[in-house]
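Report on the following structure.
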Amino acid sequence: MGWCRFALGLPPKAKVHNVFEKWHRAFHGTKKDAVVKILEGGELLMPGDVAFGGEKIKEREGHFKDDWKPGGFDTKKIFVSPSIRYAGHNAYATPNRYEDKPSGQVCIARVAFQVFIRPNSYEAGEQTIGETNQIDPKFSNQEIEWSTKERGGTILQGLIVKVEGTSMDP
207 MGWCRFALGL PPKAKVHNVF EKWHRAFHGT KKDAVVKILE GGELLMPGDV
257 AFGGEKIKER EGHFKDDWKP GGFDTKKIFV SPSIRYAGHN AYATPNRYED
307 KPSGQVCIAR VAFQVFIRPN SYEAGEQTIG ETNQIDPKFS NQEIEWSTKE
357 RGGTILQGLI VKVEGTSMDP
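Heads up, the sequence shown is in the numbering used here, so the first residue is 207 and it goes up one at a time.
Written out as structure tokens, the structure reads:
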């Protein structure tokens with residue numbers, strides 16, 4: 207199966223800034239536990255920010271951190287991609303196994319957000335997942351990861367879910 211999009215209500219600033227016509231679209235893969243927190247706060251946050259409810263956002267396990275990163279790489283940003291193939295990678299959209307008990311059918315599900323991002327608020331950079339092959343034929347691996355330090359420069363547009371790997375094996 208492919209990705210299924212669930213539209214989200216847009217904040218008033220979306221209309222004010224004419225985001226459908228003027229802003230760029232991108233994707234932000236995440237883990238299932240972050241979905242509610244992102245929806246409650248209504249925006250993407252960067253490491254160091256404090257989310258609604260008081261939890262401090264940290265870099266994810268296995269991702270670059272201040273003490274483990276390439277020289278000059280800034281981890282205190284919001285990262286998105288113009289490619290759902292990249293944002294949907296296991297490094298970002300963590301796969302979750304689900305089993306339907308009555309049928310024994312096993313599925314893998316992952317989640318991401320579709321967002322608007324303000325033009326000229328972000329930098330395009332190269333992939334950071336160690337991939338040597340072309341990730342998405344529509345985008346260069348050298349410009350597939352977008353990052354911004356601008357709070358309020360992204361607007362959530364949709365929650366997208368992918369269910370795959372259906373099997374009869376429990």
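For each residue, glycine too, the CB sits at the ideal point set by N, CA and C.
Closest to lysine 355 by C-alpha separation, out of His234, Leu251, Asp306, would be which residue?
Mapped onto the sequence shown, residue 355 falls at position 149. When only C-alpha atoms are compared, the closest one is Leu251.
DSSP on alanine 299, reduced to helix/strand/coil?
Stepping through the sequence shown from its first residue, residue 299 is reached at position 93. DSSP places alanine 299 in coil when its eight states are reduced to three.
Taking a contact to mean a Cβ-Cβ separation below 8 Å, would you say isoleucine 361 touches tyrosine 292 in this structure?
Along the sequence shown, read from residue 1 onward, the residue named residue 361 stands at position 155. Along the sequence shown, read from residue 1 onward, the residue named residue 292 stands at position 86. Their beta carbons are not under 8 Å apart, which means isoleucine 361 does not touch tyrosine 292 by this criterion.
So which of Gly358, Ile335, Lys219 has the shortest CA-CA distance to glutamine 348?
One-based indexing of the sequence shown puts residue 348 at position 142. That would be Ile335, whose Cα lies nearest to the Cα of glutamine 348.
Distance between aspartate 239 and isoleucine 314 (C-alpha atoms, nearest Å):
Translated into positions along the sequence shown, residue 314 becomes position 108. Translated into positions along the sequence shown, residue 239 becomes position 33. So the alpha carbons of these two residues sit roughly 15 Å apart.
Tell me, which residues are paired with glycine 331 by DSSP?
For the purposes of this step, residue 331 is identified with residue 125 of the sequence shown, where counting begins at 1. Note: glycine 331 sits in a beta bridge opposite Glu351.
If we count the other Cβ atoms within 10 Å of its Cβ and call it buried at 16 or more, is tyrosine 328 buried or exposed?
The residue labelled residue 328 in the question sits at position 122 within the sequence shown. Here tyrosine 328 is buried. Its C-beta has 16 or more other C-beta atoms within 10 Å.
Could you say which of Glu246, Gln333, Trp229 lies nearest to glycine 294 if we only look at CA atoms?
The residue you call residue 294 lines up with position 88 of the sequence shown. Out of Glu246, Gln333, Trp229, Gln333 has the C-alpha closest to the C-alpha of glycine 294.
Give me the residue from Pro301, Lys283, Phe258, Phe322 with the minimum Cα distance to glycine 215.
For the purposes of this step, residue 215 is taken as residue 9 along the sequence shown, with counting starting at 1. Glycine 215 has its Cα closest to that of Phe322, out of Pro301, Lys283, Phe258, Phe322.
Helix, strand or coil for aspartate 280, going by three-state DSSP, please let me know.
In the sequence shown, residue 280 corresponds to position 74, counting from 1. Residue state, collapsed to three classes: coil.
Arginine 357 versus glycine 310: straight-line alpha-carbon distance, rounded:
By one-based count along the sequence shown, residue 357 stands at place 151. By one-based count along the sequence shown, residue 310 stands at place 104. Rounded to the nearest angstrom, the two C-alpha atoms are 44 Å apart.
If you count every other CB in all the chains shown that lies within 10 Å of the CB of threonine 338, and 16 or more means buried, which is it?
For this step, residue 338 is matched to residue 132 along the sequence shown. Looking at its Cβ environment, which holds fewer than 16 other Cβ atoms inside 10 Å, threonine 338 is exposed.
Nearest-angstrom Cα distance between arginine 316 and phenylalanine 233?
For the purposes of this step, residue 316 is taken as the residue at position 110 of the sequence shown. For the purposes of this step, residue 233 is taken as the residue at position 27 of the sequence shown. Answer to the nearest angstrom: the Cα atoms are 13 Å apart.
Same chain, Cβ closer than 8 Å to proline 217, five either side skipped, listed in chain order:
Taking the sequence shown and counting its residues from 1, one reaches residue 217 at position 11. Correct list, in chain order: Gly248, Ile361.
Check the C-beta distance from arginine 231 over to glutamine 320 and give it rounded, since I have them as a contact under 8 Å.
Here residue 231 refers to the residue found at position 25 of the sequence shown. Here residue 320 refers to the residue found at position 114 of the sequence shown. At roughly 7 Å, the Cβ-Cβ gap stays under 8 Å, so arginine 231 and glutamine 320 are in contact.
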